[in-house]
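Visitor: Pasting a structure here, questions to come.
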Amino acid sequence: MTLTTERPVAKTPPATWRTRLQGPAVFATVAVLALVVAPLLLEPFRLGLLAKYLVYAIVALGIGLAWGQGGMLVLGQGVFFGLGGYAMGMHLKLVEAQGDLPDFMVWSGVEQLPALWEPFANPVFALAMVVLAPMALATALGALVFRQRVRGAYFAILTQALAAAFVILLIGQQGLTGGTNGLTNFFELFGQDLALDETQRVLYIVVAVVLGLLYLGARQLVNSRFGRLLVAVRDGEDRVRFLGYNPATVKTVTFAISAGMAGLAGALFVPVVGIISPALLGVVPSLELVVAVAVGGRFALAGAVLGAVVMGYAKTTFSEQFAGGWLYLQGALFILVMTLAPRGIAGLLRRRRKETR
Amino acid sequence: MRNSAWRTAIPLVALVATLGACGAEPATSQQAGGGEDSIKVGILHSLSGTMAISEVTVRDAELLAIEEINAAGGVLGKKLVPVVEDGASDWPTFAEKATKLIARDKVATVFGGWTSASRKAMLPVFERRKALLWYPVQYEGLESSPYIFYTGATTNQQIVPGLEYLKEQGKKKIFLVGSDYVFPRTANKVIKAYAAANGMQVIGEEYTPLGHTEYSTLVNKVVQAKPDAVFNTLNGDSNVAFFKQLKSAGATAESLPTMSVSVAEEEVKGIGVDNIAGHLVAWNYYQTTENAANGKFVAAFKAKYGADKVTSDPMEAGYNAVYLWAEAVKKAGSVEVEAVRKAAGGIELERPEGLVTIDGENQHMFKTARIGVVQPDGLIKEVWNSKEPIKPDPYLKGYPWATGLAQG
Amino acid sequence: MEGFLNQLPIGLSIGAVLLLIALGLTFTFGQMGVINMAHGEFIMAGAYTAYLLQGWTGRAAVLVALPVAFVVAGALGLILERLAIRHFYGRPLDTLLLTWGVSLVLQQLARDLFGAPNVQVQAPEWLQGGPGIMPYSRMFILALAIGSVVAVWAYLNRTGQGRRMQAVMQNRRLAATSGIDTGRVDMRTFFIGSGLAGVAGVALTLIGPVGPALGTYYIVDAFLVVVAGGLGQLRGAVIAAAALGLLNSFAEFWTDASLAKVIVFVAIVGFLQFRPQGLFVLKSRALT
Numbered sequence: 012m013t014l015t016t017e018r019p020v021a022k023t024p025p026a027t028w029r030t031r032l033q034g035p036a037v038f039a040t041v042a043v044l045a046l047v048v049a050p051l052l053l054e055p056f057r058l059g060l061l062a063k064y065l066v067y068a069i070v071a072l073g074i075g076l077a078w079g080q081g082g083m084l085v086l087g088q089g090v091f092f093g094l095g096g097y098a099m100g101m102h103l104k105l106v107e108a109q110g111d112l113p114d115f116m117v118w119s120g121v122e123q124l125p126a127l128w129e130p131f132a133n134p135v136f137a138l139a140m141v142v143l144a145p146m147a148l149a150t151a152l153g154a155l156v157f158r159q160r161v162r163g164a165y166f167a168i169l170t171q172a173l174a175a176a177f178v179i180l181l182i183g184q185q186g187l188t189g190g191t192n193g194l195t196n197f198f199e200l201f202g203q204d205l206a207l208d209e210t211q212r213v214l215y216i217v218v219a220v221v222l223g224l225l226y227l228g229a230r231q232l233v234n235s236r237f238g239r240l241l242v243a244v245r246d247g248e249d250r251v252r253f254l255g256y257n258p259a260t261v262k263t264v265t266f267a268i269s270a271g272m273a274g275l276a277g278a279l280f281v282p283v284v285g286i287i288s289p290a291l292l293g294v295v296p297s298l299e300l301v302v303a304v305a306v307g308g309r310f311a312l313a314g315a316v317l318g319a320v321v322m323g324y325a326k327t328t329f330s331e332q333f334a335g336g337w338l339y340l341q342g343a344l345f346i347l348v349m350t351l352a353p354r355g356i357a358g359l360l361r362r363r364r365k366e367t368r
Numbered sequence: 131m132r133n134s135a136w137r138t139a140i141p142l143v144a145l146v147a148t149l150g151a152c153g154a155e156p157a158t159s160q161q162a163g164g165g166e167d168s169i170k171v172g173i174l175h176s177l178s179g180t181m182a183i184s185e186v187t188v189r190d191a192e193l194l195a196i197e198e199i200n201a202a203g204g205v206l207g208k209k210l211v212p213v214v215e216d217g218a219s220d221w222p223t224f225a226e227k228a229t230k231l232i233a234r235d236k237v238a239t240v241f242g243g244w245t246s247a248s249r250k251a252m253l254p255v256f257e258r259r260k261a262l263l264w265y266p267v268q269y270e271g272l273e274s275s276p277y278i279f280y281t282g283a284t285t286n287q288q289i290v291p292g293l294e295y296l297k298e299q300g301k302k303k304i305f306l307v308g309s310d311y312v313f314p315r316t317a318n319k320v321i322k323a324y325a326a327a328n329g330m331q332v333i334g335e336e337y338t339p340l341g342h343t344e345y346s347t348l349v350n351k352v353v354q355a356k357p358d359a360v361f362n363t364l365n366g367d368s369n370v371a372f373f374k375q376l377k378s379a380g381a382t383a384e385s386l387p388t389m390s391v392s393v394a395e396e397e398v399k400g401i402g403v404d405n406i407a408g409h410l411v412a413w414n415y416y417q418t419t420e421n422a423a424n425g426k427f428v429a430a431f432k433a434k435y436g437a438d439k440v441t442s443d444p445m446e447a448g449y450n451a452v453y454l455w456a457e458a459v460k461k462a463g464s465v466e467v468e469a470v471r472k473a474a475g476g477i478e479l480e481r482p483e484g485l486v487t488i489d490g491e492n493q494h495m496f497k498t499a500r501i502g503v504v505q506p507d508g509l510i511k512e513v514w515n516s517k518e519p520i521k522p523d524p525y526l527k528g529y530p531w532a533t534g535l536a537q538g
Numbered sequence: 003m004e005g006f007l008n009q010l011p012i013g014l015s016i017g018a019v020l021l022l023i024a025l026g027l028t029f030t031f032g033q034m035g036v037i038n039m040a041h042g043e044f045i046m047a048g049a050y051t052a053y054l055l056q057g058w059t060g061r062a063a064v065l066v067a068l069p070v071a072f073v074v075a076g077a078l079g080l081i082l083e084r085l086a087i088r089h090f091y092g093r094p095l096d097t098l099l100l101t102w103g104v105s106l107v108l109q110q111l112a113r114d115l116f117g118a119p120n121v122q123v124q125a126p127e128w129l130q131g132g133p134g135i136m137p138y139s140r141m142f143i144l145a146l147a148i149g150s151v152v153a154v155w156a157y158l159n160r161t162g163q164g165r166r167m168q169a170v171m172q173n174r175r176l177a178a179t180s181g182i183d184t185g186r187v188d189m190r191t192f193f194i195g196s197g198l199a200g201v202a203g204v205a206l207t208l209i210g211p212v213g214p215a216l217g218t219y220y221i222v223d224a225f226l227v228v229v230a231g232g233l234g235q236l237r238g239a240v241i242a243a244a245a246l247g248l249l250n251s252f253a254e255f256w257t258d259a260s261l262a263k264v265i266v267f268v269a270i271v272g273f274l275q276f277r278p279q280g281l282f283v284l285k286s287r288a289l290t
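Chains as they are written, first to last, in my numbering: chain A, 12 to 368; chain B, 131 to 538; chain C, 3 to 290.
See below:
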């Protein structure tokens, strides 16, 4: 499972003040564009879409961390996205029901609020679960499978099967989860009317800021000792073990972090888009995000983010133009990227940069 | 070197600028509902993904209706211009595209949806933005949004008549088979309540995940339970696997009849007539329904889309939706949503399925229930009907046995 | 009680379906380390082959289609291997995503060629009905699965080509240095693996829908069989398919179809705790 890469891990070019400023300059440019220009320029409908892409970008960031840096191909991020989303959705539903049963329970014939739901009326508990539930599941799963040295393709297929099983479970428990319909029809978030354009604008800013902070955090992590170890595990797990480290721990921690990011994204998705349903969590949506990360460039965190935004945008635009064509385009794009530019857009940019040097 | 920073930044700037340009482009110069001599209407069905099989045909029927109305001079002297969007079999996409149709295209109304999940996803969008949705498929009831018109059947126009027919035929022991989602589960609750009050017995209830194709265990359970009939609420591809495997296990339409509520002419082809001939279905319309309006509809549809095409209940309901909306607009003299809603109540039209009346109270339709048998040629022959259109009752308030089913 | 006993043959017949869809994968995945997400679409290609042949052969289509589908799906696999996959050896995760792109394109292609609705393939008269709960069509699939396994076993162990294939599977570099043309062996492996998917597709027309989404219904199950059985292990695939089929059958009998799937998944994760490489492991001194 060795991924032979020519990524310069330790050999960064000598840091002059210019190279040092380069990253922050780009980051600042993007931040200004995202936080100031976009909200001013975009009409509410488009801004809402952009917010959705940024939510996906948060998941992509987690995938970039686990897959690009850690070599764990996670094909079931939808599960963690879903846990976060449902935790948030349950809270919103309970707040709106104001002591009554949420609407879908009424038509599912549930008479008493299930015990599982009760604590979610508390906003602090719900928000904590958004991150903790996915992380706990990822830790448990990671501890089990990584310790047994299940890796590479095996791990990928296991996570995919997890997504498939999770969706079936969610749909089967209609009284508890809303079944295929999922949870919809949210009116307010912490007292704010979700239908208002202003609320959506604020939400967009929140999403963008969260994404920015997570990105900075992830970068910090990658550049730390832990990050070096993670890349080492990716490129030669056995060697790391021989050196006395425990790769299982490193991988489990990373997997849990990426799961936490997906959970947070799920929670943000709910007020932005107004629905959380099993259709969003299955095998295909999970794969689509991995695709986006690959297109953007998995070895660079910024590439993962970029990929999610570009692919989200492309999907909306193309499906508006010609419906069936999107599948061809997505498939073809993917084949091309994997064969011609396996490092994605970020890889292309980096190469050009190297050439100019 | 300083250049290199810009090299990365410039594409990003360009990207966001493009995004911005798309957003900032004036939302097409037309005013609400279209321009001087046209009215924009939205059509929102899954044109890709798993639901495309069914929904594309409804879109075709709706486009046919729009074409016919335009050929007859349009509505209020204006031509209808359809804006077609793809829901991609994905519920949030339905919500997103509905928002786009309302906010950006400023359509006068939207015809769309198939699954309950897609309707539930779109409902808040239409209610918040006070826009109209015409939903063309039979569904599980227990809903009555002021901004949705339901042109398909609710439970008391399809499932209850289906049960009445089985009861008339002396089928007392019923086995329930359904896909695991909202419609079958709700339908089966109704069936169980009905059975309890009418001396029938539900001797089994099984659900399978959507897209499930392995039915041997379930068929074994059904065969072992020896029911008089199976009430089938499976959806889509699962029906193919179920009927194939039911038949190869030796069950025939005589020894073990099934009553299906999600199998129409279109689905019969994929299941294979061999496997389903003789089994029962419950709808409000069949291609073979006899009246002048249907003759015209079937002929027009085949002329436009090909002689091998069939027409089915949801297609007809979608086709009706366009005509009913147009009628309401004419009556209101405007495409303005509140005026159309107000005008719609009580509108009566002769449609391919017979007389259809809009119930102003819950925005459902009066519809005639029809039970049919699948014929060896793939069409469906009507064997029973309710004589007159049944008043829609989405909450089943008029049925004593149904009290307690829904307080909503 | 009778219902319970019936579950035994039902479980075996589910296992036979699982085995048929997974057999080709044990080759391509097991030997070459290629996770072929387009495997499901090769199955679909086999099913559509039977549909197309129906025009000439009528109800005998299923029989005639078996060899034809083998060649059609095999050829598709060969094209895929030559054009794309061979550039990806040693990068299994990349091939997974690459072949997923291929599977999307093939699905949409099927939708454009044959239309979105399911098509019908008529089963031969002599496959209709059957004694009790075990219809002839199921027996046919069981026989086909057994036949395929025997053929594959014979190929691997009784022919020179098969032995070379095993040699490459066990140690690619050593095989190459011994003068085996690994590129050729890879091509053959992919042809046979994909061809077996085509055969499975023909068999599936007897029991399930034939449409553009056909492959997506079976692909996850197929991978689970391979993972549980062990990569490239014929024995493993047979035992894993039978075990999963039985587990599925009894779990569904006692609970319901949804829960049965979840139970199977949990069982596999649990099983991998004990045998992380699957039932049987290829013993090799090659360092991964």
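Beta carbons: idealized from backbone N, C-alpha and C, even for Gly. For clarity, every value in this text was computed on a predicted model and none was experimentally measured.
(1) Could you check which residue in A172(A), F115(A), R361(A) has the C-alpha nearest to that of Q88(A)?
(2) For a quick check, are the C-beta atoms of G366(B) and L348(B) less than 9 Å apart?
(3) Against chain C, does E344(B) count as a neighbour if the rule is that its beta carbon must be under 9 Å from one of theirs?
(4) In terms of DSSP beta bridges, what is P212(B) paired with?
(5) Could you tell me which residues DSSP puts in a beta bridge with F496(B)?
(6) How would you write the range of the beta strand (DSSP E) that A412(B) sits in, first residue to last?
(7) I need the DSSP call for E199(A), collapsed to helix, strand or coil.
(8) What residues in its chain sit with their C-beta under 6 Å from that of T180(B), if we drop five residues either side in the sequence?
(9) Here's a check: name, in chain order, each residue in its chain whose Cβ is nearer than 8 Å to the Cβ of G203(C), leaving out the five neighbours to either side.
(10) In this structure, does DSSP put Q122(C) in helix, strand or coil?
(11) Determine the direct distance from the alpha carbon of F91(A) to that of T188(A), and round the result to whole angstroms.
(12) Which of the residues in the segment 325 to 337 of chain B, read from start to end, lie with their CB under 7 Å from any CB of chain C?
(13) For the beta strand (DSSP E) that contains T363(B), what are its first and last residues?
(14) Once DSSP output is grouped into helix, strand and coil, what is the label at P141(B)?
(15) Measure the alpha-carbon distance for A49(A) versus A42(A) and round it to whole angstroms.
(16) Using a Cβ cut-off of 9 Å (strictly closer), state whether Q341(A) contacts chain C.
(17) From the DSSP output, in three-state form, read off Q159(A) for me.
(18) Kindly list the residues whose CB is nearer than 7 Å to the CB of P212(B), restricted to its own chain and excluding five residues on each side of it in sequence; keep chain order.
(19) Classify D114(A) as helix, strand or coil using the three-state DSSP reduction.
(20) Let me check understanding here. Comparing Cα to Cα, which of S269(A), A259(A), L300(A), I216(A) lies closest to G47(A)?
(21) Would you call the segment 296 to 309 of chain B in contact with the segment 354 to 361 of chain B, where contact means no fewer than 3 C-beta pairs closer than 8 Å?
(22) What residue range does the beta strand (DSSP E) around T278(B) cover?
(23) Reducing DSSP to helix, strand and coil, say where E127(C) ends up.
(24) Who are L306(B)'s beta bridge partners in DSSP?
(25) What are the boundary residues of the alpha helix (DSSP H) that L193(B) is part of?
(26) Are the CB atoms of I371(A) and M99(A) nearer to each other than 9 Å?
(27) Here's the rule I'm using: 16 or more other beta-carbon atoms within 10 Å means buried, otherwise exposed. How should I209(C) be labelled?
(28) Near F373(B), what residues of its chain come up, given a Cβ to Cβ distance below 7 Å and the 5 sequence neighbours on each side ignored?
(29) So with CB distances below 9 Å, who are the chain C contacts of E396(B)?
(30) Report back the beta-carbon spacing between G163(A) and L95(C) to the nearest angstrom; my notes put them in contact at under 8 Å.
(31) Expressed to the nearest angstrom, what Euclidean distance is found between the alpha-carbon atoms of W264(B) and A202(B)?
(32) Please classify T382(B): is it buried, with 16 or more other beta-carbons within 10 angstroms of its beta-carbon, or exposed?
Guide: Looking at the atomic coordinates:
(1) A172(A)
(2) no
(3) yes
(4) V171(B)
(5) T487(B)
(6) 410 to 413
(7) strand
(8) S219
(9) F44, I45, M46, A47, G48, A49, Y50, T51, A52, A71, A75, L216
(10) coil
(11) 15 Å
(12) E336, Y337
(13) 359 to 363
(14) A caution first: P141(B) carries a pLDDT of 48, below 50, which makes its placement in the model unreliable, though a value can still be read off. P141(B) falls in the helix class under three-state DSSP.
(15) 10 Å
(16) yes
(17) coil
(18) V171, I173, L193, I196
(19) helix
(20) Looking at the sequence itself, residue 47(A) is Val, so the reference to Gly does not match. Minimum Cα distance to V47(A) is reached at I216(A).
(21) yes
(22) As written in the sequence, residue 278(B) is Ile, which differs from the Thr given in the question. Taken as a continuous stretch (DSSP letters only), the beta strand (DSSP E) holding I278(B) covers 278 to 280.
(23) helix
(24) E335(B), F361(B)
(25) 182 to 201
(26) The question about residue 371(A) has no answer here: the residues shown for chain A are numbered 12 through 368.
(27) buried
(28) I401, N405, I406
(29) P119
(30) 7 Å
(31) 22 Å
(32) exposed
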